[in-house]
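*Asks:*
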Amino acid sequence: MIIGGPSSQLLGGRVAKVLKEDLALCEYSSFPDGESYTQVCSDLDDRIVLIQSTPSDRDIIQLLQLLDVFRGRRIDLVVPYFGYARQDKQFKPGEPLSARAMAVAMDAFLEEGSRIFTVNIHDRSVLNNFRHEATDLDAASVLADEIGKMKLDHPVIISPDKGAVRMAKVAAARLGIDYDYLEKTRHSGTEVSMAPKEIDASGRDVVILDDMIATGGTMAQAISILKSNGAKRVYLGSVHPVLTGNAVLKLCRAGVESIITTDTLEKAVSTVSVARLIAEAVRP
């Protein structure tokens, strides 16, 4: 049985369709005081796959409520977007490792033999906080397949920085095209330039690829720089479309051709599904 949490209802339905398994009917609402109410209305099967991203505190609470419903059962827990994953270090004294706290809270409900899956989590070291088997799935190939359908002109995939170059490398290898990353050069205390490390993008279609788009500021800067350096068209690909505030406006003002993201978070730009990726991972 597939359980689609409140933030992953469409993705849950897509996974159920791929696996040809039942999709449970669940009810999600709030009490007058704002507390979350969760109910699984379907009879429970022996094998449960629970899919719930956690972009907000409410989503985390509802995930824990669902886990409590399944207490005593071995389940596959899929958290496509793992909230608080970026708080995986203590940057200042007295700070919590919030990513660890989230993992420990989820893990406490899981029975022996349960498994956890994430998708392109910010840092895979977070998975070490689970006692149970935890696997991070890579959606780079899913995005690459979508990019391959776009009929681009002499394309190149570029990472916004060196730290995210792995995704660009994986996608480029799948497509058989070039990849690079943007390198920052500081000219003075206030002047910083950014350009591809090795490849000249002039006259080429460029796809900027990263695991997440949050505020859109870094991506908008990268789009503007690439276009000013002669890139033909600039596209943006990402696994997790967090897109807070006016992020989409920033990207459109910078001249992005289109935004391609997955449905780990269900937004208007979530045109690529990770359902098959998840289905293959949890398939018996």
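Read left to right, the sequence shown gives residues 276 to 559 (this note's numbering).
Built from N, CA and C at the ideal position, the CB exists for glycine as well.
All values reported here derive from a predicted model rather than from experimental measurement.
LYS426: which of PRO307, GLY438 and VAL482 sits nearest, CA to CA?
*Replies:* Among PRO307, GLY438 and VAL482, the Cα nearest to that of LYS426 belongs to VAL482.
*Asks:* With C-beta atoms as the reference, is LYS538 less than 9 Å away from LEU298?
*Replies:* Correcting the residue type first, residue 538 is Asp in the shown sequence and not Lys. No. Outside cutoff.
*Asks:* Helix, strand or coil, according to DSSP, for ILE534 in the structure here?
*Replies:* Residue state, collapsed to three classes: strand.
*Asks:* From the DSSP secondary-structure annotation, give me the bridge partner or partners of CYS301.
*Replies:* DSSP output for CYS301 lists VAL315 as bridge partner(s).
*Asks:* For the beta strand (DSSP E) containing ARG390, list its first residue and its last residue.
*Replies:* Start and end: 390-394.
*Asks:* Would you be able to state if there are at least three C-beta pairs under 8 Å between the segment 506-522 and the segment 307-325?
*Replies:* No, because fewer than three Cβ pairs between the segment 307-325 and the segment 506-522 fall closer than 8 Å, the two stretches do not touch.
*Asks:* State yes or no: is the C-beta of SER282 nearer than 8 Å to some heavy atom of the ligand PLP?
*Replies:* The ligand PLP is absent from the structure shown, which contains no ligand whatsoever.
*Asks:* When DSSP labels each residue in this structure, what does ALA446 get in the three-state scheme?
*Replies:* Three-state result, ALA446: helix.
*Asks:* Three Cβ pairs or more, each shorter than 8 Å: is that satisfied between the segment 301-317 and the segment 534-553?
*Replies:* No, because fewer than three Cβ pairs between the segment 301-317 and the segment 534-553 fall closer than 8 Å, the two stretches do not touch.
*Asks:* I'd like to know if the segment 416-435 and the segment 522-539 are in contact, where contact means that at least 3 CB-CB pairs between them fall below 8 Å.
*Replies:* The answer is yes - the segment 522-539 touches the segment 416-435, with three or more Cβ pairs under 8 Å.
*Asks:* Pull the bridge partners of VAL417 from the DSSP assignment, please.
*Replies:* Its beta-bridge partners do not exist; DSSP assigns none.
*Asks:* Out of curiosity, what's the CA-to-CA distance linking ASP475 and ALA443?
*Replies:* When rounded, the distance between both Cα atoms is 16 Å.
*Asks:* Does the separation of the CB atoms of ALA529 and LEU484 fall below 9 Å?
*Replies:* Not in contact: ALA529 and LEU484 (Cβ atoms no closer than 9 Å).
*Asks:* Taking the Cβ atom as the reference point for each residue, do GLN337 and SER373 lie within a distance shorter than 9 Å?
*Replies:* No. Outside cutoff.
*Asks:* Pick out whichever of PHE384, SER434 and SER499 has its Cα sitting closest to the Cα of CYS527.
*Replies:* Closest option to CYS527, Cα to Cα, is SER499.
*Asks:* Let me check understanding here. Comparing Cα to Cα, which of ARG479, THR410, ASN403 and GLY369 lies closest to ARG393?
*Replies:* Note on residue identity: the sequence assigns Thr, not Arg, to residue 393. Out of ARG479, THR410, ASN403 and GLY369, THR410 has the C-alpha closest to the C-alpha of THR393.
*Asks:* Buried or exposed, going by whether 16 or more other CB atoms sit within 10 Å of the CB of HIS515?
*Replies:* Label assigned to HIS515: buried.
*Asks:* Roughly how many angstroms lie between the CA atoms of LEU342 and ALA380, to the nearest whole one?
*Replies:* Looking at the two C-alpha atoms, the distance is approximately 10 Å.
*Asks:* Rounded to a whole number of angstroms, what is the C-alpha to C-alpha distance between HIS327 and GLN362?
*Replies:* Checking the sequence, you will find Gln at residue 327 rather than His. Distance between the alpha carbons of GLN327 and GLN362 is about 19 Å.
*Asks:* For ASP334, which residues of its own chain have a beta-carbon under 8 Å away from its beta-carbon, when the five flanking residues on both sides are left out?
*Replies:* Answer for ASP334: GLY280, PRO281, SER282, GLN327, SER328 and GLY358, listed in chain order.
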